[in-house]
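*Asks:*
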Amino acid sequence: MSPPQQESNAVVEATSPMTMTISSELQNSILLAYRSIGLGTFGAFMRFGGMPLEKIALFMNSSQVTGKNQFAQSIKLTFQGGPLAPFRVVTSASMVAWFMQYSVMGAAFQFFDHALSNSLGVAPVWYGQDLMEPPPSTSGTDENADTSYQAKLMAKTVVAPILAGSLESIVANRAEVQRYFGPAKFASIEGKLGWNPVARLFAPAYASNAMRNVIMCNTSFIITPITYKLYFPQEKKSPASLLWYGMGVNFAGNAVAITQQALWGRALDYAAENGGRNINYSEVIRSSLAKEGMAAFITMPKWFSRILMNAPLQGSLPWFYHNVLPMGEGTVMEAVRWAMTPSKSSSNTDYKSEGNGNQTRAIS
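Structure representation (structure tokens):
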């Protein structure tokens with residue numbers, strides 16, 4: 007799936023035959039950390055700036071708004087405490103959770119994509135400049151046309167985002183529930199539930215939160231890059247077209263994810279009744295459908311509110327990941343080489359590093 011990686015070698019000579027090398031494993035680990043930190047920072051600041059939109063979407067996909075003019079009801083609930091009310095529920099823990107959510111999502115997907123690719127003997131998902139190159143030729147009888155290879159590639163493509171999205175929810179769901187209820191109310195509900203430490207780590211409504219994140223992980227890291235690489239007109243490929251293409255795919259992905267977002271909000275409302283109770287998803291779905299039909303889970307206003315909340319960040323994530331982050335990878339590796347080069351006053355050993363500047367593919 008991914009073309010061969012081009013490598014450049016830098017050699018710093020000294021007075022001893024002894025050499026030091028930056029192994030490919032260390033280089034891959036450094037770049038994984040760099041990309042993950044970049045995604046975490048980008049995600050945290052974008053989520054904070056979009057808190058009003060997030061609160062509107064959360065109310066739209068809960069049972070607190072019903073009947074007509076649900077969008078207007080959501081806006082009223084969002085700002086009932088003043089124009090800064092949406093930001094007051096954000097704590098330092100929320101900022102850390104946002105950072106961890108997107109950094110863990112990036113690290114988890116890269117790790118699982120890399121590990122599964124190596125174990126199954128298939129190529130990782132295209133990354134960076136690879137997306138701008140023409141799609142691979144389908145003529146001939148290479149390994150990519152082999153049925154067994156394609157089956158393993160499909161299995162890896164399905165499993166990697168499931169593992170990454172599930173891990174992301176372990177990091178993020180608790181903080182999201184806290185922002186939904188507010189710190190005080192959430193603490194009261196937790197006290198009533200009396201869950202053990204492991205269950206408290208997952209927090210209420212984890213299953214629907216994880217399903218939503220699996221869908222969006224697929225949208226950002228699987229569907230967008232693969233379809234852009236294979237089917238987008240070659241002459242129109244550019245960073246700008248990738249940004250808008252990612253936004254468009256995000257709109258489609260949210261049509262599915264919105265059902266899980268709505269289930270998450272209604273499950274939390276169910277959990278809050280009588281001061282706190284365990285969620286029965288069957289009862290949540292049955293009662294919601296009885297009251298509002300399919301409109302309980304998906305309507306145009308719900309979808310639109312989810313787009314408002316999600317598109318600025320999730321839609322631009324493929325562009326940031328594939329176009330912005332690669333621009334700094336050469337600088338990062340140069341800094342590592344500089345840090346690992348022995349000073350003249352302290353060492354006379356040879357130093358040799360192997361690495362590439364601007365990475366153009368996924369870790370493999």
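When the letters of the sequence shown are read in order and numbered with this note's numbering, they come out as residues 7 to 370.
The beta carbon of each residue, even a glycine, is placed where N, CA and C say it ideally should be.
In this text the structure is predicted, and so the values were computed from the model without any measurement.
If you follow the alpha helix (DSSP H) that residue 235 is part of, which residue opens it and which one closes it?
*Replies:* Under the DSSP assignment, residue 235 falls in the alpha helix (DSSP H) whose first and last residues are 230–237.
*Asks:* If you drop the 5 nearest sequence neighbours on each side, which residues of the same chain put their C-beta closer than 7 Å to that of residue 260?
*Replies:* 309, 312, 313 and 316
*Asks:* With contact counted as at least three CB pairs below 8 Å, one residue from each stretch, are the segment 101–112 and the segment 50–60 in contact?
*Replies:* yes
*Asks:* On a CA-only basis, which of 275, 65 and 43 is nearest residue 113? Give me that one, please.
*Replies:* 43
*Asks:* Contact between the segment 58–74 and the segment 326–345 is defined here as three or more beta-carbon pairs at a separation below 8 Å; is this criterion met?
*Replies:* no
*Asks:* Under 7 Å Cβ to Cβ from residue 198, same chain only, skipping five residues before and after it: list those, please.
*Replies:* 281 and 282
*Asks:* So residue 183 and residue 274 are supposed to be a Cβ contact under 8 Å. How far apart are they, rounded?
*Replies:* Right, their Cβ atoms sit about 6 Å apart.
*Asks:* From the DSSP output, in three-state form, read off residue 272 for me.
*Replies:* helix
*Asks:* Does DSSP classify residue 291 as helix, strand or coil?
*Replies:* helix
*Asks:* My guess is that residue 131 and residue 228 are in contact by the Cβ rule of under 8 Å, so how many angstroms apart are they, rounded?
*Replies:* The distance from the Cβ of residue 131 to that of residue 228 is about 7 Å, consistent with a contact at the 8 Å cut-off.
*Asks:* Rounded to a whole number of angstroms, what is the C-alpha to C-alpha distance between residue 168 and residue 179?
*Replies:* 16 Å
*Asks:* Quick one: Cα of residue 158 to Cα of residue 122, how far?
*Replies:* 9 Å
*Asks:* Quick one: is residue 237 buried, meaning 16 or more other Cβ sit within 10 Å of its Cβ, or exposed?
*Replies:* exposed
*Asks:* Is residue 285 near residue 277, with beta carbons less than 7 Å apart?
*Replies:* yes
*Asks:* Quick one, which of 89, 72, 170 and 348 has its alpha-carbon nearest residue 223's?
*Replies:* 170
*Asks:* Need the endpoints of the alpha helix (DSSP H) that residue 343 sits in, please.
*Replies:* 331–346
*Asks:* Identify every run of the alpha helix (DSSP H) within the segment 39–105, keeping only runs that are complete inside it and at least 4 residues long; order them along the chain.
*Replies:* 57–66, 76–84 and 91–94
*Asks:* Tell me the residue span of the alpha helix (DSSP H) that contains residue 174.
*Replies:* 153–187
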